[in-house]
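J.: FYI, in the numbering used here the residues of the sequence shown are 1126 to 1447. All residues carry an ideal CB built from backbone N, CA and C; glycine is no exception. From a predicted model like this one, the values you see are computed outputs, not experimental measurements.
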Amino acid sequence: STVSDALDALTDLQPDRARITADILHGLSQRPRQLPSKYFYDARGSQLFEQITRQPEYYPTRTELQLLQQVSAEIARAVGPHLHVVELGSGSGRKTELLLHALADPVAYTPIEISRAALLDSVARLAEALPEIEMLPVCADFTRPVTLPEPQREPARRLLFFPGSTLGNFAHDDAVALLDAMRQTMGPTGLALIGIDLHQDPALIEAAYNDAAGVTAAFTLNLLRRLNREIGSDFDLDGFEHRARYSVPRLRIETELVSRCAQRVHVAGRAFDFADGEAMTVEYSHKYTDAAFGALIAEAGLRVRMQWNADAPAFGLRLLER
Ligand code: AVJ
């Protein structure tokens, strides 16, 4: 089919060993030390994340899905017909399918995804459920502006779809850079639909990142397992523990790996000493107030056109325009 021909031509852009090693050496030289959360998602990490979304404490995924179900007709009216829908990351496809079904006669769908395998997976599933929509996958880093393929039918405008509160995993300056890239990819008449987790009861938020079954802890520790396998480091998985706390002034979950003892770790021939109790930052998950989100997107030349909220637990969908 045309879809598989298009996919054959795509090269996998997953970072190589040298890139990962350089990122990790850089992060380990900072104080506090940090590891980039983008490396959570190897095959096992992606599976563990799927498992997190099914934990009773982890409310964001199911809350966003329900909200999307409730307001998809309103969204469809707000954005109009004949769209080229462009998704940042290829996700699990459930939210995408819901959105594409609700929209009036969408012209094409483009997931932007760094992993060729993940791209293949999602497009194969969606092509079956939505055979009338042209599938135009792009293997690229969505944090940079992307040149999009032109659909066969002329679309009315582009709609960027960025669910899952993934924006929240970016530090402030990186989030602004990403939103700026999104504005460029949207083009002059484009829109963006973004899912954001909202500031609310800290106990509820904290529980979501400390599930009783320990899946989130396993997800965090899997980062060390991945690094040991892919760059030959010797992190002791029993030597670190998961800790996730909500900072009210910073409006974010700060996930750390805490050293259980004084220990030495080797990465690419270099030694790193950890003190007993030393914490390494591995992930931020920002939550938003309307004021904080408005200020953030304004820095990238965007504003909110329409918004929908779920409450208790709270979660937001925002339709953005330039
Ligand atoms: C990737 C943004 C959906 O930050 O909530 C879940 C990743 N980390 N539990 C989030 C995550 C720990 C998640 N998102």
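When every heavy atom of the ligand AVJ is checked, does at least one fall within less than 6 Å of the C-beta of residue 1177?
T.: As a first step, residue 1177 must be located in the sequence shown, where it is residue number 52. Correct: residue 1177 has its Cβ closer than 6 Å to the ligand AVJ.
J.: What residue range does the beta strand (DSSP E) around residue 1295 cover?
T.: As a working mapping, residue 1295 is identified with position 170 in the sequence shown. Secondary structure note for residue 1295: it is in no beta strand (DSSP E), with a DSSP letter that is neither H nor E.
J.: Give me the residue from 1427, 1155, 1275 and 1339 with the minimum Cα distance to residue 1448.
T.: Beyond the ends of the chain as shown, which are 1126 and 1447, falls residue 1448; an answer cannot be given.
J.: Taking residue 1406 and residue 1381 to be in contact with their CB atoms under 8 Å, please state how far apart those CB atoms are, rounded to whole angstroms.
T.: On the sequence shown, position 281 is the one that residue 1406 refers to. On the sequence shown, position 256 is the one that residue 1381 refers to. Contact between residue 1406 and residue 1381 holds, since their C-beta atoms are separated by about 6 Å, short of 8 Å.
J.: To which residues does DSSP link residue 1267 through a beta bridge?
T.: As a position in the sequence shown, residue 1267 is number 142, starting the count at 1. DSSP lists no partner for residue 1267.
J.: Would you list, in sequence order, the uninterrupted beta strand (DSSP E) runs of no fewer than 3 residues that lie entirely inside the stretch 1330-1401?
T.: Fully enclosed beta strand (DSSP E) runs of 3 or longer: 1365-1372, 1377-1384, 1388-1392 and 1395-1399.
J.: How is residue 1200 classed by DSSP in three states: helix, strand or coil?
T.: Numbered from 1 along the sequence shown, position 75 holds the residue referred to as residue 1200. In this structure, residue 1200 counts as helix in the three-state DSSP scheme.
J.: Excluding five sequence neighbours on each side, which residues of the same chain lie with their C-beta closer than 7 Å to the C-beta of residue 1138?
T.: Start at 1 with the first residue of the sequence shown, and residue 1138 comes out as number 13. Same-chain partners within the cutoff: 1239, 1264, 1265 and 1266.
J.: Among the residues of its own chain, which have a CB less than 6 Å from the CB of residue 1261, if the five just before and after it don't count?
T.: Position 136 of the sequence shown, counting from 1, holds the residue named residue 1261. The answer, listed in chain order, is 1233, 1235 and 1274.
J.: Please report the distance separating the alpha-carbon of residue 1383 from that of residue 1202.
T.: By 1-based counting over the sequence shown, the position of residue 1383 is 258. By 1-based counting over the sequence shown, the position of residue 1202 is 77. Distance between the alpha carbons of residue 1383 and residue 1202 is about 48 Å.
J.: Determine the closest residue to residue 1392 out of 1140, 1141 and 1145, with distance taken between C-alpha atoms.
T.: One-based indexing of the sequence shown puts residue 1392 at position 267. The shortest Cα separation from residue 1392 among 1140, 1141 and 1145 belongs to 1145.
J.: With three or more C-beta pairs closer than 8 Å as the rule, is the stretch 1319-1333 touching the stretch 1282-1294?
T.: yes
J.: Would residue 1284 and residue 1208 be called neighbours here (beta carbons separated by less than 7 Å)?
T.: Position 159 of the sequence shown holds residue 1284. Position 83 of the sequence shown holds residue 1208. Going by C-beta atoms, residue 1284 is nearer than 7 Å to residue 1208.
J.: Give the straight-line distance between the Cα atoms of residue 1370 and residue 1335, rounded to the nearest whole angstrom.
T.: Taking the first residue of the sequence shown as position 1, residue 1370 is located at position 245. Taking the first residue of the sequence shown as position 1, residue 1335 is located at position 210. Residue 1370 and residue 1335: Cα-Cα distance of roughly 9 Å.
J.: Could you check whether the Cβ of residue 1247 sits closer than 6 Å to any heavy atom belonging to the ligand AVJ?
T.: Here residue 1247 is taken as the residue at index 122 of the sequence shown, counted from 1. Checking the Cβ of residue 1247 against the ligand AVJ gives no.
J.: Do you know offhand how far residue 1160's Cα is from residue 1349's?
T.: Start at 1 with the first residue of the sequence shown, and residue 1160 comes out as number 35. Start at 1 with the first residue of the sequence shown, and residue 1349 comes out as number 224. Straight-line Cα distance between these residues: approximately 9 Å.
J.: Just tell me which of 1173, 1387 and 1311 has its CA closest to the CA of residue 1453.
T.: No answer is possible for residue 1453: it lies beyond the span of the chain, which begins at 1126 and ends at 1447.
J.: Helix, strand or coil: which one does DSSP assign to residue 1155?
T.: Locating residue 1155 in the sequence shown gives position 30, where the first residue counts as 1. Of the three classes helix, strand and coil, the one that applies to residue 1155 here is coil, per DSSP.
J.: Starting from residue 1221, trace the alpha helix (DSSP H) in both directions and tell me its first and last residue.
T.: As a position in the sequence shown, residue 1221 is number 96, starting the count at 1. Taken as a continuous stretch (DSSP letters only), the alpha helix (DSSP H) holding residue 1221 covers 1219-1227.
J.: Rounded to the nearest angstrom, how far is the Cβ of residue 1237 from that of residue 1271, given a contact under 8 Å?
T.: Translated into the one-based positions of the sequence shown, residue 1237 becomes position 112. Translated into the one-based positions of the sequence shown, residue 1271 becomes position 146. The pair is a contact, with the Cβ atoms about 6 Å apart (cut-off 8 Å).
J.: Between residue 1411 and the rest of its own chain, which residues show a CB-CB distance below 7 Å, the 5 nearest in sequence each way excluded?
T.: Position 286 of the sequence shown, counted from the first residue, corresponds to residue 1411. For residue 1411, where only same-chain residues beyond five positions count, the Cβ hits under 7 Å are 1293, 1376 and 1377.
J.: Just confirm the distance between the C-beta atoms of residue 1268 and residue 1306, as a whole number of angstroms; I'd bet it's less than 8 Å.
T.: Counting from one through the sequence shown, the residue named residue 1268 turns up at place 143. Counting from one through the sequence shown, the residue named residue 1306 turns up at place 181. Right, the Cβ-Cβ distance comes to about 6 Å (below 8 Å), so this counts as a contact.
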